[in-house]
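For the sequence shown, my numbering assigns the number 17 to the initial residue and increments by one for each residue that follows.
Using N, Cα and C, we set each Cβ at its ideal position, and we do this for glycine too.
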Amino acid sequence: MSGASRNQGPPLGVCFSALQVDSDTRTLVFRTAEKVFLRPNTALKLSCFFEPNEKKKKDKSAAAAAAAESALTNATAPQTDRAVLAPRFRIQLTHKHFFGGDETMRATVRARYDVSKRFLKASSHLKKRFPLGGSTSLNLRGDCIAKLHAAEGSGSAVPTFAIQTPELSARAELSHKILAGTSTQDFQIRVGYELNENELYVTARENRISMRISSSGKWHMLYDL
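1) Let me know the secondary structure DSSP gives Glu210 once reduced to three states.
2) Just checking my contact of Val45 with Phe66 at CB under 8 Å: how many whole Å lie between their CB atoms?
3) Identify, in the order they occur along the chain, each residue of the same chain with its Cβ nearer than 6 Å to the Cβ of Phe114, setting aside the five sequence neighbours on each side.
4) Spatial neighbours of Glu183 within its chain, please: C-beta separation below 6 Å, excluding the five flanking residues on both sides.
5) Looking at the ligand GDP, does it come within less than 7 Å of Thr124, judged from the CB to the closest heavy atom?
6) Which of the three DSSP states is assigned to Pro56 in this structure?
7) Who are the near neighbours of Met227 in its chain, counting only those whose CB is closer than 6 Å to its CB and skipping five residues on each side?
8) Could you check what DSSP says for Asp128 in three-state terms: helix, strand or coil?
9) Just mark Ala59 as buried or exposed, buried being the case when its beta carbon has 16 or more other beta carbons within 10 Å.
10) At which residues does the beta strand (DSSP E) containing Asp38 begin and terminate?
11) If we count the other Cβ atoms within 10 Å of its Cβ and call it buried at 16 or more, is Ser63 buried or exposed?
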């Protein structure tokens, strides 16, 4: 980022889109979002996810069996049961606070509401970065996450939420950035340890692609469009 762009401050809004896939769902999801800065460290993000209909994903085996049976009597039957892309909407409000006048320690609070799933998630994160020289740093992070699901049978416009026990987690990671790895790319590699999950993970990111792999075998990949 150039000095001129830093002096101009953050833009009023940013629009971006990406493709994502992970080891749990193995489903390609298209996501697009509009982030609006209410203040320099406060932003409202509106997101839309396009993914195969969840009900069809849950009933995939049964649907496949039914389609195979129907194909015996009607060759066009499988064409009518194909999964369709169902939009899912999410609203998120984020605020960041930096301590000590620098960016080595920050607290982040976030509230996220999934409109389609009627699911509310509130979280707070504390991160401390220890520069080790050059583009290498040691990062310590603690998280507190509270999940609230709309109670069953709550079909009103303002649902009643069932609060789950907040989840606490912590991690330590070593981060290294390779600036201008090529004429058009920067790279970042992070190796860390999740204390609660008792697992190691590696995250690699360049300008558009990021991928995370953990010692448990889980992975997640994101491609910015």
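Taking the structure as given:
1) strand
2) 7 Å
3) Arg122
4) Ile161
5) Judged by which ligands are present, the structure shown has none, so any question about the ligand GDP falls away.
6) coil
7) Ala220, Met237
8) It is worth fixing the name first, because residue 128 is Arg in this sequence and not Asp. Looking at Arg128 - three-state DSSP - the assignment turns out to be strand.
9) buried
10) 29-38
11) buried
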